Structures are given as structure tokens and as C-alpha cells.
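Enquirer: Residue numbers (the working numbering), protein chains in the order written: chain A, 33 to 291; chain B, 41 to 363. Note that beta-carbon positions come from the ideal geometry of N, C-alpha and C, so glycine has one too. Since this is a predicted model, take the numbers as computed values, not measurements. To start, I am sharing the structure in question, which I have written as C-alpha cells.
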């Protein structure tokens with residue numbers, strides 16, 4: 033089975049974020065970036081499928097130069113080769129724009145399966161998967177928490193709301209978005225890290241895909257970012273850790289009366 | 041005067057609560073923009089009871105044999121036909137898991153933007169959509185190009201109990217979907233057996249999040265839970281890492297709780313977690329990041345590393361118990 037995994041690089045979840053001067057994006061200097069969490073589960077699922085069925089795992093990212101790291105990490109974990117879609121023309125694409133670029137880059141590869149996380153933890157649109165499936169005319173299932181390969185098709189388990197699940201059959205080739213927790217993502221081994229260095233990372237630009245700025249004008253864009261105003265009057269406790277703890281115990285006992 | 045459509049999600053005729061919330065948002069938009077408002081319902085013979093006395097111009101029942109249960113390919117094709125016939129300015133929906141499955145594909149099909157998971161809008165000549173980014177740490181005002189916009193509203197963005205009342209008319213539209221390929225075939229829906237931990241009855245809950253950093257650190261938190269006579273809850277990542285079983289998870293894919301005390305340790309408080317705990321009586325949050333969304337709903341906040349706080353709190357509570 034030939035599988036493509038899409039991975040986005042995003043700020044580490046523990047990052048303290050600051051907004052830039054023109055309020056259109058965050059300040060990226062000194063931030064720690066990492067692979068989007070649900071994408072790492074998608075990668076692990078692809079590696080598990082390859083281990084049981086044979087085939088190839090190709091990882092792909094679209095992003096600025098720093099994003100190349102998520103490809104190296106994935107190659108070290110066992111992916112076979114990588115595609116790096118990098119071009120200034122790809123900056124600030126909306127989901128539909130990113131899907132158009134990815135569809136052009138991946139279309140000729142004729143993958144059996146495309147996997148990605150259910151949403152990116154930066155913009156949180158949760159749109160790329162179904163849009164890319166539409167661009168490539170593939171069936172899709174979102175929020176997948178288990179996969180099983182049958183003859184020419186997949187049986188997947190989809191997470192729904194309120195503790196409900198549904199089994200869904202989908203014909204191959206297909207696209208799935210993967211929910212976190214579906215498996216236990218592996219760490220790269222030392223041997224994997226050594227092997228990574230000889231694996232191919234193919235650079236792809238807008239010109240390679242025959243795309244120009246006209247093809248990539250977004251239909252939606254961020255006009256302004258701001259820190260959300262507090263809706264609740266949170267009492268922030270101040271002082272040393274010891275002082276904050278004694279204030280907390282006092283307030284829980286005497287104000288909130290919950291001790 | 042333009043036209044606004046709002047999609048009503050239902051399960052065997054019972055309307056999803058979040059659809060009624062989004063409908064309230066649609067009512068406000070229709071008033072602001074002086075648009076007509078049509079509620080679109082798929083796969084029902086008659087209008088759902090929940091819409092009978094709602095302030096709406098009409099309920100549009102879209103019918104085809106393939107629409108009785110949800111399937112992304114049929115829903116996309118059906119709504120594509122509706123949009124072609126109705127030519128609305130806006131299509132509003134709730135941002136449910138189901139909406140996330142098919143609305144992006146619809147948006148791509150009709151080549152119009154989907155602004156997803158919005159919490160509100162501003163109208164100042166043009167429309168600006170407000171949505172959360174970076175897991176709720178930052179809000180964004182989003183602009184879209186001229187023409188139809190598809191918008192999904194986050195659960196809780198509007199209140200269903202503020203819906204205006206009225207008496208909508210009803211119309212039926214038949215769509216032909218027999219040519220749509222059935223590449224995705226949904227089977228039965230099911231629930232898994234409930235775990236042993238029922239957090240919904242707990243008086244006190246200590247919830248642990250990603251900020252705990254390491255599985256080993258759970259030991260001191262379990263100790264604290266014992267001292268405080270509280271149940272142990274968690275956010276999703278802790279369960280995904282395998283550090284606690286799923287039955288401890290609070291939030292949209294876990295349990296909904298409302299204890300007297302909810303002590304959130306290292307929980308960032310993404311919306312998926314907040315929907316499960318924001319009705320707790322007293323919420324205490326300990327987090328290193330002052331902008332963590334958990335402080336949005338907290339009564340008391342401590343900006344610090346939980347590893348600095350937990351041992352001290354343990355000691356203080358032990359001393360208090362000894363008195």
C-alpha cells in the first residue's frame with residue numbers, strides 16, 4: 033500500500049504566544065515548533081499499515097523553511113521519502129489554497145491512502161482533509177480512531193460526539209483524517225536517525241507546479257489577531273508558591289467553601 | 041434583501057442542540073443584514089417539532105431516499121443542489137463533528153470559503169467573523185471574499201434559549217442523488233461500555249493536563265486527589281499518551297461534569313475541554329501560561345508550574361486536616 037502522510041509544523045502546545053506589531057500573526061522568533069499532534073498519530077498509523085501490508089510511506093509538508101524538520105523527524109521514524117512544498121507564494125494560504133497546491137503535488141503519485149491529523153493546532157480550521165479529498169476526487173472519512181484494511185476498501189471507526197462511534201466502509205483510494213490517541217507514536221531509533229540522512233527530501237516550488245499568485249489568492253484571511261478578553265473575573269493569586277498556596281487554601285475554605 | 045440559509049442537523053428527527061444555538065446566531069445575522077432566514081433540513085417527511093414555533097421565514101425539507109441517514113457524499117451533493125436553487129448570501133451551521141466532515145468538502149465543491157468554528161461576528165459595512173486560533177489562546181477576525189460564505193458556529197457561541205419565536209412556513213424540495221457514487225458506506229452507530237469512573241457525581245475533581253509533563257508526576261497528583269477526597273479527571277492529551285484510561289477524560293469526547301470544585305492542573309483549556317467542565321461551581325486553574333484559555337473560565341488562577349504548587353498544596357491540606 034502506498035501511503036502519503038501530511039504533516040504540518042506548528043508552535044509547541046506549551047508555547048507562550050505573542051502577537052506581532054501589525055496584529056496579523058504571532059511572533060515566531062524564539063518559539064519552539066513541532067509536528068502537529070494529530071499528524072504524528074497519522075504518521076504512526078501509516079507506518080503500522082506499511083509494516084503489516086508492505087508498501088511505501090511518503091511524508092509531505094507545506095510550510096516555511098523551518099518546517100523541513102518535521103520531514104526529517106518522520107524519515108527518522110521510518111517514512112521512506114519526503115516532499116517539501118516550500119515557496120513564498122505558499123505563505124498564508126487558506127485551506128482551499130493549500131489543498132490546491134497539495135492536490136497538484138500529490139495527484140500524479142496516485143497514492144492508495146492519504147492520512148493527516150483531524151486539525152492543525154495553529155489555525156484550527158479542520159478543513160484541509162475533506163477539501164483535499166474533493167480536489168483529488170477521493171472519498172474521505174474524518175475523525176478516525178481505528179483502521180482495518182479489507183479487500184480494496186477500508187473499514188474504519190469514526191469518533192462522534194457524546195461517546196458515540198460509527199463503523200464506516202470506504203473504497204480505496206481514500207483520504208482519512210486521524211484523531212489523536214489512535215495508536216502510540218514511536219520515537220526515532222538511532223538507526224532510523226542514521227538512515228534518515230540518505231533518504232530523499234524532494235523540494236517543490238510553485239513554479240514546479242505551474243502555479244502563480246493568481247491561483248493562490250485566498251478567499252479568507254486573518255484581518256486581526258487579539259488576545260480574547262476575559263469573560264470571567266478570575267482572581268489571580270500572587271506571590272511566592274508558598275504564598276499562593278496558602279491564599280488558595282484560605283479562599284477555598286472561606287470564600288468558595290469547598291473544603 | 042438577501043437570503044440566509046441555516047442547516048439543521050438532526051438524529052432521527054431530533055434536532056441537535058448545537059443546531060438551535062447556530063440558528064440563534066443566524067436569527068441575529070438575518071436581522072442585522074435584513075435577510076430572509078430559511079432552515080434547511082435533510083431527509084425528513086415533516087418539519088421537526090423544535091422548529092415549529094421558531095422565528096424563521098420557512099423550513100425547507102430537502103428530500104431524497106439517500107438523505108435519511110448521514111453520508112458525506114450525499115449531503116454535499118444535496119446541499120450543492122440547494123445552493124444552486126436558492127442562491128443564498130450565507131449558509132450557517134453548527135461546528136459539529138458531522139459539519140466538520142462534510143462542510144469543507146461542500147465549500148470546495150462550490151468554490152466558496154468556509155469560515156469554521158466561529159464564536160461570533162462583527163458587522164461594520166462588511167462582515168467580519170470571529171474565531172479562535174492556537175487552541176483558544178488567541179482570537180482572530182477573519183474576512184472573506186465577496187459572495188456566498190459558509191460559516192460554522194462553535195458550540196455555545198449562541199444560546200438556544202434566546203431563540204425568537206414565530207411560525208415558519210414549510211416547503212419541500214426533492215433532489216436526485218442516484219448518480220452520486222456510494223464510496224463511503226456508514227454502518228451502525230454504537231456506544232462503548234461505560235467505564236468504572238463516573239465523574240458526573242463527583243463533588244470535587246482534580247483534572248490533570250499536558251502540563252503534568254511526565255507520567256511519573258501523576259503519582260503526586262493522585263496523592264493530592266486522595267487528600268482532597270476528589271476524583272481524578274483529565275484532558276484529552278493525557279489519555280492519548282496512555283497515562284490515564286479514557287474513563288477519566290472530561291470534555292466533548294469524554295464526560296461532562298459540574299462538581300463543587302474543579303482544580304485544573306496544567307490543563308490549557310481548549311474549547312473541547314471547557315464544554316465538559318465550565319459549569320463547575322468553583323474552578324481553580326494552575327498553569328504556566330497566563331494566556332491559557334482555562335483562565336477564561338477560572339474563579340481562581342495561579343500562574344505557575346504545577347510541580348511547584350502540588351507538593352505545597354498537599355502539605356497545606358494535610359496540615360489543615362490534622363488541625
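1) Taking residue 129/A as the query, report the chain B residues whose CB atoms sit under 8 Å from its CB, ordered along the chain.
2) So, do the stretch 149-167 of chain A and the stretch 222-235 of chain A have three or more beta carbon pairs nearer to each other than 8 Å?
3) In whole angstroms, give me the CA-to-CA distance for residue 75/B and residue 119/B.
4) Within the chosen definition, does the stretch 68-83 of chain A reach the stretch 233-245 of chain A through at least 3 CB pairs nearer than 8 Å?
5) Since I believe residue 82/A is in contact with residue 152/A (beta carbons under 8 Å), could you give me their beta-carbon distance rounded to a whole number of angstroms?
6) Check each candidate in 332/B, 336/B, 313/B, 314/B and name the one with the smallest Cα separation from residue 266/A.
7) Using a beta-carbon distance below 9 Å, is residue 142/B in contact with chain A?
8) In this structure, does DSSP put residue 84/B in helix, strand or coil?
9) Could you check where the beta strand (DSSP E) with residue 100/B kicks off and where it finishes?
10) What are the start and end residues of the beta strand (DSSP E) that includes residue 420/B?
11) For residue 65/A, name the three-state secondary structure that DSSP assigns.
12) Out of 67/B, 132/B, 85/B, 88/B, state which residue places its alpha-carbon closest to the alpha-carbon of residue 45/B.
13) Does residue 249/B come out as helix, strand or coil in the three-state DSSP assignment?
14) Which residues, in chain order, does the stretch 158-171 of chain A contribute to contact with chain B at a C-beta distance below 9 Å?
15) Find the residues of chain B that neighbour residue 256/A, judging by a C-beta separation of less than 8 Å, and give them in chain order.
16) Could you name the residues of chain A that residue 308/B contacts, counting a contact when the two beta carbons are closer than 9 Å?
17) Closer than 7 Å between beta carbons: that is the criterion. Which residues of the stretch 69-101 of chain B meet it against chain A?
18) Between which two residues does the alpha helix (DSSP H) carrying residue 278/A extend?
19) Against residue 276/A, what residues of chain B qualify as contacts under a CB-to-CB distance less than 8 Å, listed in chain order?
20) Determine which residues of the stretch 230-252 of chain A have a Cβ less than 7 Å from any Cβ of chain B, and write them out in chain order.
21) Which residues of chain B have a Cβ atom closer than 7 Å to the Cβ of residue 153/A, listed in chain order?
22) Using Cβ-Cβ distances below 7 Å, what residues of the stretch 84-99 of chain A are close to chain B?
23) Residues in its own chain within less than 8 Å of residue 168/A by CB, not counting five upstream and five downstream?
24) Taking Cβ positions only, does residue 268/A come closer than 9 Å to chain B?
25) Can you have a look at residue 122/A and say buried or exposed, based on whether 16 or more other CB atoms are within 10 angstroms of its CB?
26) Quick one: does the C-beta of residue 259/B sit closer than 8 Å to a heavy atom of the ligand SAH?
27) Would a C-beta distance cut-off of 9 Å place residue 114/A and residue 125/A closer than the cut-off?
28) Label residue 163/B either buried or exposed according to how many other C-beta atoms from any shown protein chain fall within 10 Å of its C-beta, with 16 as the threshold for buried.
29) Please classify residue 330/B as buried or exposed, where buried requires at least 16 neighbouring CB atoms within 10 angstroms.
30) Among all the DSSP beta bridges, which residues are the ones paired with residue 178/B?
31) May I have a chain-ordered list of the beta strand (DSSP E) segments no shorter than 3 residues that lie completely inside the stretch 201-232 of chain A?
32) Checking 9 Å against the spacing of the C-beta atoms, do residue 100/B and residue 152/B come in under that value?
33) Following the continuous beta strand (DSSP E) through residue 54/A, name the residue where it begins and the one where it ends.
34) Report all residues from its chain with a CB closer than 7 Å to the CB of residue 136/B; omit the five preceding and five following residues, and keep chain order.
35) With a floor of 3 residues, list each beta strand (DSSP E) that falls wholly inside the stretch 233-270 of chain A, ordered by position along the chain.
36) Determine the closest residue to residue 38/A out of 63/A, 155/A, 178/A, 95/A, with distance taken between C-alpha atoms.
Expert: In this structure, then:
1) In the first chain, counting from the first residue as 1, residue 129/A sits at position 97. Within chain B, no residue has its CB atom less than 8 Å from the CB of residue 129/A, the nearest being about 10 Å off.
2) Because the criterion of three Cβ pairs below 8 Å is not met, the stretch 149-167 of chain A and the stretch 222-235 of chain A do not touch.
3) For the purposes of this step, residue 75/B is taken as residue 35 along the second chain, with counting starting at 1. For the purposes of this step, residue 119/B is taken as residue 79 along the second chain, with counting starting at 1. Distance between the alpha carbons of residue 75/B and residue 119/B: 20 Å.
4) Flag = no, the stretch 68-83 of chain A and the stretch 233-245 of chain A do not touch.
5) Here residue 152/A refers to the residue found at position 120 when the first chain is read from its first residue. Here residue 82/A refers to the residue found at position 50 when the first chain is read from its first residue. That pair is no contact at about 24 Å.
6) Taking the first chain and counting its residues from 1, one reaches residue 266/A at position 234. Just measuring C-alpha positions, the residue of 332/B, 336/B, 313/B, 314/B sitting nearest residue 266/A is 336/B.
7) Stepping through the second chain from its first residue, residue 142/B is reached at position 102. Interface criterion met: the Cβ of residue 142/B is under 9 Å from a Cβ in chain A.
8) In the second chain, counting from the first residue as 1, residue 84/B sits at position 44. Coil, per DSSP.
9) Translated into the one-based positions of the second chain, residue 100/B becomes position 60. Run containing residue 100/B: 98-103, per the beta strand (DSSP E) assignment.
10) Absent from the model: residue 420/B. The displayed extent of chain B is 41 to 363, so no value can be given.
11) Here the question's residue 65/A lines up with position 33 in the first chain. In the structure shown, residue 65/A sits in a strand (DSSP, three-state: E or B).
12) Here the question's residue 45/B lines up with position 5 in the second chain. Looking at the Cα atoms, 132/B is the closest of the given residues.
13) Taking the first residue of the second chain as position 1, residue 249/B is located at position 209. Residue state, collapsed to three classes: coil.
14) The residues in question are 158, 159, 160, 161, 162, 163, 164, 165, 166, 167, 170, 171.
15) Sequence index remark: in the first chain, residue 256/A carries index 224 (1-based). Residues of chain B with a Cβ closer than 8 Å to the Cβ of residue 256/A are, in chain order, 180, 181.
16) Mapped onto the second chain, residue 308/B falls at position 268. Going along chain A in sequence order, the residues near residue 308/B (Cβ under 9 Å) are 45, 46.
17) Cβ contacts with chain A come from no residue of the stretch 69-101 of chain B.
18) Taking the first residue of the first chain as position 1, residue 278/A is located at position 246. First-last of the alpha helix (DSSP H) with residue 278/A: 273-286.
19) By 1-based counting over the first chain, the position of residue 276/A is 244. The answer, in chain order, is 342, 344, 349.
20) Those would be 251, 252, in chain order.
21) Taking the first residue of the first chain as 1, we reach residue 153/A at position 121. Going along chain B in sequence order, the residues near residue 153/A (Cβ under 7 Å) are 175.
22) Within the stretch 84-99 of chain A, no residue has its Cβ closer than 7 Å to any Cβ of chain B.
23) Along the first chain, one-based indexing puts residue 168/A at 136. The beta carbon of residue 168/A lies closer than 8 Å to those of 135, 138, 139, 146, 207 in the same chain, with the five residues before and after it left out.
24) Position 236 of the first chain, counted from the first residue, corresponds to residue 268/A. Output row for residue 268/A: interface = yes.
25) Taking the first residue of the first chain as 1, we reach residue 122/A at position 90. Result: buried.
26) Absence of the ligand SAH from the depicted structure is noted, as is the absence of any ligand whatsoever, leaving it without description.
27) For the purposes of this step, residue 114/A is taken as the residue at position 82 of the first chain. For the purposes of this step, residue 125/A is taken as the residue at position 93 of the first chain. Contact: no.
28) For the purposes of this step, residue 163/B is taken as residue 123 along the second chain, with counting starting at 1. Flag for residue 163/B reads exposed.
29) In the second chain, counting from the first residue as 1, residue 330/B sits at position 290. The residue in question, residue 330/B, is exposed, as its Cβ has fewer than 16 Cβ neighbours within 10 Å.
30) Mapped onto the second chain, residue 178/B falls at position 138. Residue 178/B is bridged by DSSP to 173/B.
31) For the stretch 201-232 of chain A, whole beta strand (DSSP E) runs of length 3 or above, ordered along the chain, are 206-210.
32) On the second chain, residue 100/B is found 60 positions in, with the first residue counted as 1. On the second chain, residue 152/B is found 112 positions in, with the first residue counted as 1. For the 9 Å CB-CB criterion, residue 100/B and residue 152/B do not form a contact.
33) Position 22 of the first chain, counting from 1, holds the residue named residue 54/A. Neither: residue 54/A is in no beta strand (DSSP E) and is coded neither H nor E.
34) Here residue 136/B corresponds to residue number 96 of the second chain, with the count starting at 1. If we look at residue 136/B and ignore the five residues flanking it on each side, its Cβ neighbours are 49, 56, 58.
35) Segments of the beta strand (DSSP E) lying fully in the stretch 233-270 of chain A: 233-236, 252-258.
36) Here residue 38/A corresponds to residue number 6 of the first chain, with the count starting at 1. Ranked by Cα distance from residue 38/A, the options 63/A, 155/A, 178/A, 95/A are led by 95/A.
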